[in-house]
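180 is the number that this note's numbering gives to position 164 of the sequence shown; each next residue is one higher, with no gaps.
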Amino acid sequence: KVTNLAIPQCNVGNGSSSIHVIHFDKDNQLWVGGSHGLCKINNIDPLDFSQPIAGELVTPFDNKNVTAILSTAHGKVFVGTRFDGGFIYDTSNYKVTPILFRDKKSVSNNNEVKITSFIQPSKNEVWMGLDGLGVLVLDAETGKTIEHFQHDPMLKHSINFDYISALLVDTSGLIWIGTWGNGLNRF
17 KVTNLAIPQC
27 NVGNGSSSIH
37 VIHFDKDNQL
47 WVGGSHGLCK
57 INNIDPLDFS
67 QPIAGELVTP
77 FDNKNVTAIL
87 STAHGKVFVG
97 TRFDGGFIYD
107 TSNYKVTPIL
117 FRDKKSVSNN
127 NEVKITSFIQ
137 PSKNEVWMGL
147 DGLGVLVLDA
157 ETGKTIEHFQ
167 HDPMLKHSIN
177 FDYISALLVD
187 TSGLIWIGTW
197 GNGLNRF
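1) Which complete beta strand (DSSP E) runs does the region 106-163 hold, if anything under 3 residues is left out?
2) Measuring alpha carbon to alpha carbon, tell me which of Asn58, Val18, Ile35 ends up nearest Ser51.
3) Per the contact definition of three or more C-beta pairs closer than 8 angstroms, is the region 101-119 in contact with the region 170-177?
4) Given that a residue counts as buried once 16 or more other Cβ atoms are within 10 Å of its Cβ, and exposed if not, what is Val123?
5) Under DSSP, the beta strand (DSSP E) around Ala182 begins and ends at which residues?
6) Quick check on DSSP: helix, strand or coil for Thr97?
7) How about Thr132 and Ser188: do their beta carbons lie closer than 8 angstroms?
8) Can you have a look at Ala70 and say buried or exposed, based on whether 16 or more other CB atoms are within 10 angstroms of its CB?
9) At which residues does the beta strand (DSSP E) containing Gly53 begin and terminate?
10) Within a Cβ cutoff of 6 angstroms, which residues of the same chain sit near Phe165, ignoring the five residues on either side of it in sequence?
11) According to DSSP, is Phe77 helix, strand or coil?
12) Locate the beta strand (DSSP E) running through Leu200, then write down its first and last residues.
13) Could you check whether Arg98 and Asn79 sit closer than 8 angstroms to each other, using their CB atoms as the reference points?
14) Quick one: residues in its chain with C-beta nearer than 7 angstroms to the C-beta of Gly159, no 5 flanking neighbours on either side, listed in chain order?
15) May I have the straight-line CA-CA distance separating Thr83 from Leu190, to the nearest angstrom?
16) Candidates Ile135, Trp196, Lys130: which alpha carbon is nearest Ser87's?
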């Protein structure tokens, strides 16, 4: 059975916004990101279709174009946007911290960078896929950059393209990196 959901508190439904990412966390919260911003829906029972759906707009992300979401065991939610870079939202105190980094190839910073995806391959690391700037490996607690992978034609084993479309950690721990138009990488 398909149920069309409208969540007016979050400007979701009835043709009002585009949904880019949906994330279900360990606390039964559904996070919905899109052109409207970021919406959090508490205590969802995914099998109870009679339950009314009510959400709340996470105000620091109001009207930001949210493209990626990842919740961690540290109580942090990594939020990526299309035009405003990446952020860490601390659910314990509602503090928002920008993920700051510098591109190795130019003087750009995280302003106007599209974040495409997040994965957490280990308790201490979060990987962030960027549209045009490769992959950042971040400390899962602080968001500080640990490593920055970008294409380098001089290195045989660099990623083959900096436009990252998808990241995945498989059950054996391998990391798969999908690119826009240049195939797949494995780490």
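Even glycine gets a Cβ: it sits at the ideal position worked out from N, Cα and C.
Looking at the atomic coordinates:
1) 111-114, 131-138, 141-146, 150-155
2) Indexing the sequence shown from 1 puts residue 51 at position 35. Nearest of Asn58, Val18, Ile35 to Ser51, Cα basis: Ile35.
3) no
4) Sequence index remark: in the sequence shown, residue 123 carries index 107 (1-based). Residue placement at Val123 is flagged as unreliable, the pLDDT there being 44, under the threshold of 50; the coordinate-derived value follows with that caveat. Val123 comes out exposed.
5) What you label residue 182 is simply residue 166 of the sequence shown in a count that begins at 1. Run containing Ala182: 180-185, per the beta strand (DSSP E) assignment.
6) Here residue 97 refers to the residue found at position 81 of the sequence shown. In the structure shown, Thr97 sits in a strand (DSSP, three-state: E or B).
7) Position 116 of the sequence shown, counting from 1, holds the residue named residue 132. Position 172 of the sequence shown, counting from 1, holds the residue named residue 188. No.
8) Position 54 of the sequence shown, counting from 1, holds the residue named residue 70. Burial check for Ala70: the Cβ neighbour count within 10 Å stays below 16, so the residue is exposed.
9) Numbered from 1 along the sequence shown, position 37 holds the residue referred to as residue 53. First-last of the beta strand (DSSP E) with Gly53: 53-57.
10) Your numbering for residue 165 matches position 149 in the sequence shown. Gly150, Val151, Ile175, listed in sequence order.
11) For the purposes of this step, residue 77 is taken as the residue at position 61 of the sequence shown. For Phe77, the secondary structure class from DSSP, reduced to helix, strand or coil, is helix.
12) Taking the sequence shown and counting its residues from 1, one reaches residue 200 at position 184. Segment 200-202, the beta strand (DSSP E) holding Leu200.
13) The count along the sequence shown starts at 1 and reaches residue 79 at position 63. The count along the sequence shown starts at 1 and reaches residue 98 at position 82. Contact: no.
14) As a position in the sequence shown, residue 159 is number 143, starting the count at 1. Ile104, Thr113, Ile115.
15) Reading the sequence shown from its first residue, position 67 is the one you call residue 83. Reading the sequence shown from its first residue, position 174 is the one you call residue 190. If I take the Cα positions, the gap works out to 23 angstroms.
16) Locating residue 87 in the sequence shown gives position 71, where the first residue counts as 1. Comparing Cα-Cα distances from Ser87 to each of Ile135, Trp196, Lys130, the minimum goes to Ile135.
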